[in-house]
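Asks:
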Amino acid sequence: MKTQRGYTLIETLVAMLILVMLSASGLYGWQYWQQSQRLWQTASQARDYLLHLREDANWHNRDHSISLIREGTLWCLVSSVAGANTC
1 MKTQRGYTLI ETLVAMLILV MLSASGLYGW QYWQQSQRLW QTASQARDYL LHLREDANWH
61 NRDHSISLIR EGTLWCLVSS VAGANTC
(Lines of atoms letter the chains of each structure in order from A and count residues from 1; the text may use other names and numbers.)
(Lines give C-alpha, C1' and ligand atoms only; values in the text may rest on other atoms or scores of the structure.)
Protein backbone atom coordinates (compact mmCIF):
# COMPACT_ATOMS: atom_id res chain seq x y z
CA MET A 1 0.00 0.00 0.00
CA LYS A 2 1.28 3.43 -1.00
CA THR A 3 1.40 6.19 1.60
CA GLN A 4 0.07 9.52 0.48
CA ARG A 5 2.39 12.50 0.60
CA GLY A 6 1.72 16.19 0.29
CA TYR A 7 -0.30 18.89 1.95
CA THR A 8 -4.02 19.10 2.38
CA LEU A 9 -6.06 21.96 0.97
CA ILE A 10 -6.60 23.40 4.46
CA GLU A 11 -2.86 23.38 5.23
CA THR A 12 -2.11 25.12 1.94
CA LEU A 13 -4.79 27.77 2.54
CA VAL A 14 -3.54 28.45 6.07
CA ALA A 15 0.03 28.83 4.79
CA MET A 16 -1.14 31.21 2.04
CA LEU A 17 -3.16 33.24 4.56
CA ILE A 18 -0.11 33.63 6.80
CA LEU A 19 1.99 34.64 3.80
CA VAL A 20 -0.56 37.25 2.71
CA MET A 21 -0.77 38.71 6.23
CA LEU A 22 3.01 38.99 6.50
CA SER A 23 3.24 40.55 3.05
CA ALA A 24 0.55 43.11 3.86
CA SER A 25 2.28 44.18 7.07
CA GLY A 26 5.61 44.37 5.25
CA LEU A 27 4.08 46.50 2.50
CA TYR A 28 2.62 48.91 5.06
CA GLY A 29 6.01 49.18 6.76
CA TRP A 30 7.74 49.78 3.43
CA GLN A 31 5.28 52.55 2.46
CA TYR A 32 5.68 54.19 5.87
CA TRP A 33 9.47 54.07 5.51
CA GLN A 34 9.31 55.60 2.01
CA GLN A 35 7.02 58.38 3.22
CA SER A 36 9.32 59.20 6.13
CA GLN A 37 12.33 59.25 3.77
CA ARG A 38 10.56 61.66 1.39
CA LEU A 39 9.68 63.92 4.32
CA TRP A 40 13.29 63.80 5.57
CA GLN A 41 14.64 64.70 2.10
CA THR A 42 12.19 67.58 1.70
CA ALA A 43 13.04 68.96 5.14
CA SER A 44 16.76 68.69 4.36
CA GLN A 45 16.33 70.52 1.05
CA ALA A 46 14.33 73.30 2.73
CA ARG A 47 16.97 73.62 5.47
CA ASP A 48 19.80 73.77 2.91
CA TYR A 49 17.94 76.42 0.90
CA LEU A 50 17.37 78.56 4.00
CA LEU A 51 21.03 78.20 5.01
CA HIS A 52 22.07 79.28 1.52
CA LEU A 53 19.81 82.34 1.73
CA ARG A 54 21.22 83.24 5.14
CA GLU A 55 24.80 82.97 3.88
CA ASP A 56 23.93 85.09 0.84
CA ALA A 57 22.22 87.71 3.02
CA ASN A 58 25.24 87.90 5.32
CA TRP A 59 27.75 87.99 2.47
CA HIS A 60 25.99 90.72 0.46
CA ASN A 61 24.52 92.54 3.49
CA ARG A 62 20.95 92.43 2.18
CA ASP A 63 17.58 91.15 3.29
CA HIS A 64 15.74 88.21 1.79
CA SER A 65 11.97 88.03 1.80
CA ILE A 66 10.84 84.40 1.85
CA SER A 67 7.44 83.31 0.56
CA LEU A 68 5.63 80.00 0.48
CA ILE A 69 3.58 79.67 -2.72
CA ARG A 70 1.06 76.98 -3.60
CA GLU A 71 0.27 76.22 -7.23
CA GLY A 72 -2.18 73.33 -7.38
CA THR A 73 -0.56 70.45 -5.50
CA LEU A 74 2.92 71.99 -5.77
CA TRP A 75 4.40 74.06 -2.95
CA CYS A 76 7.35 76.38 -3.51
CA LEU A 77 9.62 78.22 -1.09
CA VAL A 78 10.96 81.31 -2.89
CA SER A 79 13.04 84.35 -2.06
CA SER A 80 12.25 87.82 -3.40
CA VAL A 81 15.94 88.42 -4.20
CA ALA A 82 15.90 85.28 -6.40
CA GLY A 83 13.63 86.99 -8.93
CA ALA A 84 10.02 86.25 -9.80
CA ASN A 85 7.82 84.67 -7.16
CA THR A 86 6.83 81.65 -9.21
CA CYS A 87 7.69 78.00 -8.98
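Numbering (the UniProt record's numbering), first residue to last: 1 to 87. Glycine included, every Cβ here is placed at the ideal spot set by N, Cα and C. On a predicted model such as this, the values are computed, not experimentally measured, just so you know.
Across the region 36-54 and the region 14-25, are there enough close Cβ pairs to call them in contact, namely three or more that are closer than 8 Å?
Replies: no
Asks: To the nearest whole angstrom, what separates the beta carbons of I66 and C76, a pair I think is in contact under 8 Å?
Replies: In the sequence shown, the residue the question calls residue 66 occupies position 66. In the sequence shown, the residue the question calls residue 76 occupies position 76. 11 Å between Cβ atoms; not a contact.
Asks: What's the C-alpha gap between A24 and R38?
Replies: Within the sequence shown, numbered from 1, the residue matching residue 24 stands at position 24. Within the sequence shown, numbered from 1, the residue matching residue 38 stands at position 38. Roughly 21 Å between the two C-alpha positions.
Asks: Going by alpha carbons, who is nearest to L50 out of Y28, L9, I18, S79?
Replies: Within the sequence shown, residue 50 is the residue found at index 50, counting from 1. Comparing Cα positions, the closest option is S79.
Asks: Quickly, what does DSSP pair E71 with across the bridge? List them, please.
Replies: As a working mapping, residue 71 is identified with position 71 in the sequence shown. The partner list for E71 (beta bridge, DSSP) reads L74.
Asks: Taking a contact to mean a Cβ-Cβ separation below 8 Å, would you say H64 touches L53 in this structure?
Replies: The count along the sequence shown starts at 1 and reaches residue 64 at position 64. The count along the sequence shown starts at 1 and reaches residue 53 at position 53. Taking 8 Å as the Cβ cut-off, H64 and L53 qualify as a contacting pair.
Asks: Identify the residues that DSSP records as bridge partners of I66: which are they?
Replies: Here residue 66 corresponds to residue number 66 of the sequence shown, with the count starting at 1. According to DSSP, I66 bridges with S79.
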